[in-house]
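Peer 1: Numbering (our numbering), first residue to last: 106 to 1068.
Glycine is no exception: its CB is placed at the ideal position from the N, C-alpha and C atoms.
Please read all numbers here as calculations on a predicted model, not as lab measurements.
Dropping the structure in here first, questions after.
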């Protein structure tokens, strides 16, 4: 028993001692000795105080610290998991020790930030601020973290109560809007937080007006009696600032300056060119001369090459160390004069350490052509020590059209010459100029002794070129010689390049295991090959003991026909993984095909056992034919034998699946008594036809359980779990064999009445209380009476109160108004008090459906509903109008988002939506999605555009009124 366990084992005795009027000297001595022996950390004390069983002990301990009978450090208090009453919270805060080194950091959770606990938190902060003003000894709260606490504008009273000594305020991930920002801005303007160093309001729907109010508070003018705020970090990521909000921020910076600001994060605000233009104006005015980090990623910077050129050539940000332009388009697809000039970067930003020029594969819109890459690479080192500090470089898609080698060649020369000797991270996406000729040259430049020896992360997307194998060999040689000995993360994607010579890939695996990559923690390899020699080489490398730090292994591999004839490499890999030859390994991700190569892999897995702490994720695609059976049978054998107890995720992909007997066998293995899949958390079956039902039937036959399974997903595209599948799934749920099930997405299209009866009964079972997300698809073409009966059964369950903890409900395939009316009975029962999101898809709502929904989508029935969507639901103008009219006569739920994607709406629906917005009947409303409604026009001055502008709260003309 360790010290922490000893400490908790005495909880009852200590709590009882607390209830006495006075501790006896012997008891006091014993407790002091216990506390000094166990020495609980602040984290452990926070855990005790957050739950009923440890609360009494925690109070005793805090009393000992407060009276200095115990000299334990207690610099932070974490109440993110606090679940007790407001009275307990009041008692707790009154028991906190006082002094400059106690509770410097306070982290709150959602329970603490809701009434009545919120009142106690506000009172505590008020007393603390008053005590500090009078010079009374108290805690010195320097950091307050109320992130992800579901705080809305009711948080306004919090800000005036914040102590003046506060240095760090974290408000991320809440529901704060302009009202709360106005309050916070006023507090800042009046000097209420004179020591504030960092402020994070990311992931709040502030809107342009909210950002403007905040900007006003931060930018204290020089003529004010208030001292300028020494703010060093301002994070406004994903705050719906739009262009107008960033304009407001830029104007505030330009007028009053934030001389101390070092970090500015504006990620994901869709600022476009107008926002960037305002920022540049502020930079020119030397508003933020000490700026070190500038994050502009995901801001739709696609058609503003001249502005980007100005940004990348400004001389006003000499201290900049990090610049993130992910998803910024620096050039067109075809090489033209329309491109941002990147050549000045090394000269203008001599201290730059991290540079993201657009992101890697998947960063839509990001481009950097060959000429730009050449100019940038040639400029490196062109001015003595220019960019000598560069540690991270992310190069996006591009290469130009036609493709030219000059960019990659220049980058390779920069590596060879040592101009990037401090580089620690290099990420290159799928560039067209990374060809079979230039890729080897780039790899050879990495092999030059000691020139990039500090590289810790390397990500390369290898081109679709048969000559790329030479580059793979050069990279292997660089690793073998120790030229990349500091690597911690290596990701190589050869998937578009089918390896005709598998021995090239084998050499790479052997090089990695040769003892020259002792720091490697994450290895991500993706390739195709004609045999499995590459897999064998990797297995041999892993088994050589040369990767003592490897913790995460990601493999996406497709082996050719030769693997079916040989298979030795796949067997070896499975054996290495199952015999603990890499003891440091903690997670393995396998993306494979259900074929003979996977059967060989399973043969290797059967020679040992994959169990915690090693956890495995498998994404398995069928081989489109009878070849899938062999791999599935072998997997079933491994699982049934208890050889894969470390399985955490299983995804069965593809269309054809496996044959019926094999599907049943695989499912039965999963719940076999010896399988022990106690760590399985996610399972998805994406097969068509009866394969899914076969798998579920087998799953229900076993006698074991899946105690940690929280996500069970199925496809919604033209598939169904079938009647037998519904009955089998229901049996699992009702028997309590998936007690942690939280997310369930079955397609019930076409099932018979007995299947729906079983499923409805399972939903009513006391063993499904963990369910939070339910997505169901009904059949439109199965006959109205049949589907109506199914929806009636679901409605009875919704009305029963068994699903009162449900948070997300999505229904598809409601084909008649009778089905919609039946659903509304359940929605209007008042038993879905926790529902936050409701979606109706691929259905027929029309006018009557909207009118029926207007009766139940109200605060009285659904008090927590934040989002409603009717996508592809044949909703008409009349249906939307009926819905909105209902909210004028009855209190609407606290909606944030409305989604009417792909319906039959016209311009006529815009005016009612604008009236709703102006009426403030739904004050928290952030967005309305009317995309893909052909009757709505979005041109200049058209109704659709006016609605968008309303929700962006365009304030460029009214900005001065805020001041």
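Straight-line CA distance for residue 268 to residue 297?
Peer 2: Distance between the alpha carbons of residue 268 and residue 297: 8 Å.
Peer 1: Might you give, ordered along the chain, the residues of its own chain that have their beta carbon closer than 7 Å to the beta carbon of residue 148, omitting 5 neighbours on each side?
Peer 2: 183
Peer 1: Apply the 10 Å Cβ neighbour rule to residue 833 and answer buried if 16 or more other Cβ atoms are within range, or exposed otherwise.
Peer 2: buried
Peer 1: Taking residue 959 as the reference, give the member of 198, 453 and 984 with the closest Cα.
Peer 2: 984
Peer 1: Residues in its own chain within less than 8 Å of residue 977 by CB, not counting five upstream and five downstream?
Peer 2: 946, 947, 948, 1006, 1007 and 1008
Peer 1: Between the Cα of residue 321 and those of 283, 1010 and 309, spot the shortest distance and give me the residue it belongs to.
Peer 2: 283
Peer 1: Please tell me whether residue 249 and residue 218 are closer than 7 Å, where the distance is taken between their beta carbons.
Peer 2: no
Peer 1: Take the Cβ of residue 431 as the centre, count every other Cβ of all protein chains shown within 10 Å, and call the residue buried at 16 or more, exposed below.
Peer 2: With a threshold of 16 other beta carbon atoms within 10 Å, residue 431 meets it and is buried.
Peer 1: Compute every distance between the C-beta of residue 897 and the non-hydrogen atoms of the ligand FAD, then say whether any falls below 6 Å.
Peer 2: Absent from the structure shown: the ligand FAD. Ligands present: none.
Peer 1: Residues in its own chain within less than 6 Å of residue 497 by CB, not counting five upstream and five downstream?
Peer 2: 459 and 530
Peer 1: Apart from the five residues just before and just after residue 379, which ones in its own chain have a Cβ nearer than 7 Å to its Cβ?
Peer 2: 348 and 352
Peer 1: Please state whether DSSP places residue 543 in a helix, a strand or coil.
Peer 2: Helix.
Peer 1: Please say whether residue 807 and residue 776 have beta carbons closer to each other than 7 Å?
Peer 2: yes
Peer 1: In angstroms with no decimal places, state the Cα-to-Cα distance between residue 221 and residue 191.
Peer 2: 6 Å
Peer 1: Nearest chain B C-beta to residue 382 closer than 7 Å, yes or no?
Peer 2: No chain B is part of this structure, which consists of one protein chain only.
Peer 1: Have a look at the DSSP bridge pairing and note the partners of residue 976.
Peer 2: DSSP output for residue 976 lists 946 as bridge partner(s).
Peer 1: Going by C-alpha distance, which of 260, 737 and 1052 is nearest residue 281?
Peer 2: 260
Peer 1: Considering only residues of the same chain and omitting the five flanking positions on each side of residue 595, which have a CB-CB separation below 6 Å?
Peer 2: 563 and 628
Peer 1: Residues in its own chain within less than 7 Å of residue 252 by CB, not counting five upstream and five downstream?
Peer 2: 275, 276, 277 and 278
Peer 1: What do you get for residue 1043, buried or exposed, if any count of 16 or more other CB atoms within 10 angstroms of its CB means buried?
Peer 2: exposed
Peer 1: For the candidate residues 710, 607 and 567, whose alpha-carbon lies nearest to that of residue 600?
Peer 2: 567
Peer 1: Could you work out which residue in 873, 981, 938 and 979 is closest to residue 965 when comparing CA atoms only?
Peer 2: 938
Peer 1: From residue 484 to residue 420, what does the alpha carbon distance come to, in whole angstroms?
Peer 2: 16 Å
Peer 1: Mind reading off the beta-carbon distance from residue 845 to residue 875? Whole number of angstroms is fine, and I expect it under 8 Å.
Peer 2: 5 Å
Peer 1: Tell me which residues share the same chain as residue 205 and place their Cβ nearer than 6 Å to its Cβ, disregarding the 5 neighbours each side in the sequence.
Peer 2: 245
Peer 1: Below 7 Å between beta carbons: does that hold for residue 573 and residue 541?
Peer 2: yes
Peer 1: Note down the Cα distance separating residue 638 from residue 610, rounded to an integer number of angstroms.
Peer 2: 7 Å
Peer 1: Looking at the structure shown, is residue 624 part of a helix, part of a strand, or coil, going by DSSP?
Peer 2: coil
Peer 1: What residue range is occupied by the uninterrupted beta strand (DSSP E) comprising residue 726?
Peer 2: 720-727
Peer 1: Mind checking residue 331: buried by the 16 CB within 10 Å criterion, or exposed?
Peer 2: With fewer than 16 other beta carbons inside 10 angstroms of its own, residue 331 counts as exposed.
Peer 1: Determine the extent of the alpha helix (DSSP H) in which residue 642 is found, giving its start and end residues.
Peer 2: Judged by DSSP secondary structure, residue 642 falls within the alpha helix (DSSP H) whose first and last residues are 638-648.
Peer 1: Quick one: give me the first and last residue of the alpha helix (DSSP H) that residue 617 is part of.
Peer 2: It spans 607-617 - the alpha helix (DSSP H) in which residue 617 sits, taken as one unbroken run.
Peer 1: Give the DSSP bridge partners of residue 791, in chain order.
Peer 2: Paired residues: none, contrary to the question.
Peer 1: With a threshold of 6 Å on Cβ separation, who are the neighbours of residue 372 within its own chain once the five nearest residues in sequence on each side are excluded?
Peer 2: The answer, listed in chain order, is 342, 400, 402 and 403.
Peer 1: From the DSSP secondary-structure annotation, give me the bridge partner or partners of residue 697.
Peer 2: Note: residue 697 is bridge-paired with 725 in the DSSP secondary-structure output.
Peer 1: Which residue's Cα is closest to the Cα of residue 105: 387, 181 and 359?
Peer 2: Lying before the first or after the last residue shown, residue 105 is absent from the chain, which here runs from 106 to 1068.
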